[in-house]
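Reviewing the structure listed below.
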Amino acid sequence: MKEVQIESKRRTPWLWIPTLYFAEGIPYFVVNNISVLMLAKMGVPNGQMALFTSLLYLPWTIKPFWSPFVDIIRTKRWWTISMQVLMSIAFILLTLTMPRPDAATIASGQTPISMFTITLILFVITAFASATHDIAADGFYMLALRQNEQAAFVGIRSTFYRLSSIFGQGVLVAIAGAIELKNGNIPMSWMITMAVAAVLFSVVTLYHTFAIPRVKSDASTLKDEKPTVGAIFNEFGRTFVTYFTKPYVWLAIVFMLLYRLPEAFLIKMCTPFLVASKDVGGLGLSTAEVGIVYGTIGVLALTIGGILGGLFAAKVGLKKSLWWMAACMTLPCATFVYLAVGQPTNLVAISTAIAIEQFGYGFGFTAYMLYMMYFSEGEFKTSHYAICTAFMALSMMIPGMFAGYIQEAIGYANFFWMVMVCCIATLVVTYLVDRRVDPNYGKKNDTEN
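Residue 267 in the numbering used here sits at position 266 of the sequence shown; the count goes up by one each step and never skips.
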């Protein structure tokens, strides 16, 4: 097989892969997770909060429509660094334009979402830049590393992406909570938190302008050919036609949309439930406690579940692991029924319940990722996987848009019972795709290099 052409003085991947994938995760978790808790703490009603923050998933849903431009125009290194610069600017502007509703408005729980118009616009810009950055960074990874190196570093990139989750949902939230506890000023606490994120991300961006290597094979796919409108649309057409003519494509799409249905509802209401007062059915945790319980312990459990899920699937293959993972994806949702009905005050009990649910989600999510890789096999593997990730984002966005309104209508306890009923959808689509999966897919064997 032809080796990729890499710069003559090769730079060790350890200098840039850990920071690149840490940087890839930060904007995603700020836009999709931190925004939820920030708006909830600012007193925005759950219905409006869930609707508008769910719409922020949209760029990751539609990114296949512009992903070919990353191949056609300039280099993937250029796109990676340019998007990081754009996101650094957006983070700085988020800090400078943070709204400051007064304490009485926040306490009323009726802070108008219109106060956050500029904030939401900057989140949208960050979301589009982050989705584009994902395309470019993943493409550059495959170009800059040889095949054996790609396999060796896949665990490293995943680990540092998870660490960015701990930083985003744990450290940043804990910072906001500590400042809030000290001075009682919620808007100020989130402004300083965003400033910390802006400074860190800007430093990483500056580092990457020197650390990310220049690779000879990192060039426009058109090479010397002019990127004509006809050539671009022809490639677009072939990519999508070949995807939607795959065998059992509609079954695969239904699986991608419904396998995570319980988690799609749960994840949007999890942090609002943790910080909501006991009078309205919540647990009444402080922001700092949420950072520890959900952002640190929960993410660690999620990471461990994902690692063990990968090892288990590699040993027995996708088909044999599918039902075990579907069970782990659904049954732990019952922990939130326990939390909503019992409303425990013991932080250890709350942490244990969330750790169980997040471990199950991490373990069960492995099957979902493997199935997308399995379905993407073929001539346009990279593009088809990008389309699969778009359906993945859509599966989270649509339920999340309505989660807040449903919770406001039926309360937290009934909402989590509804999540348990949604587990039926996961089991049904698992049954349907199980019969179409190659029994040998995902197994390690002696013939692999």
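Glycine is no exception: its CB is placed at the ideal position from the N, C-alpha and C atoms. Predicted model, so just to flag it, every value in this text is computed and none were measured.
Distance from the CA atom of residue 193 to the CA atom of residue 247, rounded to whole angstroms, is 49 Å. Inclusion of residue 366 and residue 166 in the CB contact set at 8 Å is not warranted, their separation being larger than that value. Taking C-alpha positions only, residue 281 is separated from residue 41 by approximately 14 Å.
Taken atom to atom, the span from the alpha-carbon of residue 64 to that of residue 265 is near 20 Å. DSSP places residue 259 in the helix class (H, G or I) of the three-state scheme.
Here the alpha carbon of residue 438 sits roughly 49 Å from the alpha carbon of residue 190. Counting C-beta pairs closer than 8 Å gives fewer than three between the segment 401–408 and the segment 329–349, which falls short of the contact rule. Note on residue 217: under 16 other CB atoms within 10 angstroms of its CB, so exposed under the neighbour-count rule. When DSSP states are grouped into helix, strand and coil, residue 342 belongs to the helix group.
The shortest CA-to-CA distance from residue 200 to any of 143, 95, 243, 316 is the one to 95. One alpha carbon belongs to residue 35, the other to residue 109, and they sit about 21 Å apart.
For residue 53, the enclosing alpha helix (DSSP H) begins and ends at 47–56.
Separation of residue 238 and residue 137 (C-alpha to C-alpha, rounded to the nearest whole angstrom) is 21 Å. Residue 342 is positioned such that its CB atom lies no closer than 8 Å to that of residue 421. Between residue 134 and residue 206 a beta carbon distance of about 11 Å is seen, past the 8 Å cut, so the two are scored as non-contacting. Between residue 263 and residue 331, the CB-CB gap stays under 8 Å. By the Cβ criterion, the segment 117–134 is in contact with the segment 45–65, since at least three pairs of Cβ atoms, one from each stretch, lie closer than 8 Å.
Distances from the CA of residue 268 to each of 288, 296, 241, 257 were compared; the closest alpha carbon is that of 296. Proximity to residue 17 across 195, 105, 360, 214 peaks at 214, based on C-alpha coordinates.
Residue nearest to residue 285 within the set 344, 258, 49 is 344 (criterion: CA-CA distance). Taking the C-beta atoms as reference points, residue 373 is found nearer than 8 Å to residue 393.
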